[in-house]
Every structure is written in C-alpha cells, then in structure tokens.
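Chemist: Handing you this structure, nothing more for now.
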Amino acid sequence: MITAIATLSVVSGLGRGIKWLSNLNIGLYSQEFIRLSFDVTGMQRDEGERWQGTWTTFYWGWWISWAPFVG
C-alpha cells in the first residue's frame with residue numbers, strides 16, 4: 262500500500278518537474294531564437310574556414326555510415 266502511494270507521488274512530482282523544465286526551456290529558447298539564428302561568429306577567419314572545409318566531409322561520412330540503418 263505504501264509503495265503504491267509513494268510511486269504515485271514520485272510520478273506526479275517527476276511529471277511536474279519535467280513540465281517546469283520544459284516551460285523554462287521553451288521560454289529561454291523563444292527569447293534567444295532570433296539572436297542565435299543569426300550568430301555566425303564560428304564562421305569567421307581561419308577557424309571558420311577550417312570548420313566549413315571539414316564539415317562537408319564529416320556530414321557525408323556520417324550519412325554514409327548511417328544509411329544502412331536508416332534506409
């Protein structure tokens with residue numbers, strides 16, 4: 262009997278906690294969405310050029326390696 266009551270209280274507490282974190286996350290996301298959408302500081306100078314040069318290779322390698330599992 263006590264286990265069933267404790268389990269129900271934990272589940273409802275966990276659900277409320279997840280809901281609270283989700284609401285906080287979506288609030289912060291909506292506040293920062295525009296700024297983060299246009300933040301291209303990683304694409305500047307030599308570091309940005311290196312990242313852009315290796316990203317395509319990584320991207321294609323990742324898709325080729327996962328294609329048998331996804332397809």
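Per this note's numbering, the very first residue in the sequence shown carries number 262; after that it's consecutive. Using N, Cα and C, we set each Cβ at its ideal position, and we do this for glycine too.
#1: Give the straight-line distance between the Cα atoms of Leu289 and Ser298, rounded to the nearest whole angstrom.
#2: Would you report the Cα separation of Gly276 and Ile287, rounded to the nearest angstrom?
#3: Can you look up Phe299 in the DSSP assignment and give me helix, strand or coil?
#4: How many angstroms separate the CA atom of Gln305 from the CA atom of Lys280?
Modeler: Result, derived from the coordinates:
#1: Position 28 of the sequence shown holds residue 289. Position 37 of the sequence shown holds residue 298. The straight-line gap separating the alpha-carbon atoms of Leu289 and Ser298 is approximately 14 Å.
#2: Mapped onto the sequence shown, residue 276 falls at position 15. Mapped onto the sequence shown, residue 287 falls at position 26. In a straight line, the C-alpha of Gly276 is about 16 Å away from that of Ile287.
#3: Here residue 299 refers to the residue found at position 38 of the sequence shown. Correct three-state label for Phe299: coil.
#4: Residue mapping note: residue 305 aligns to position 44 of the sequence shown, counting from 1. Residue mapping note: residue 280 aligns to position 19 of the sequence shown, counting from 1. Straight-line Cα distance between these residues: approximately 38 Å.
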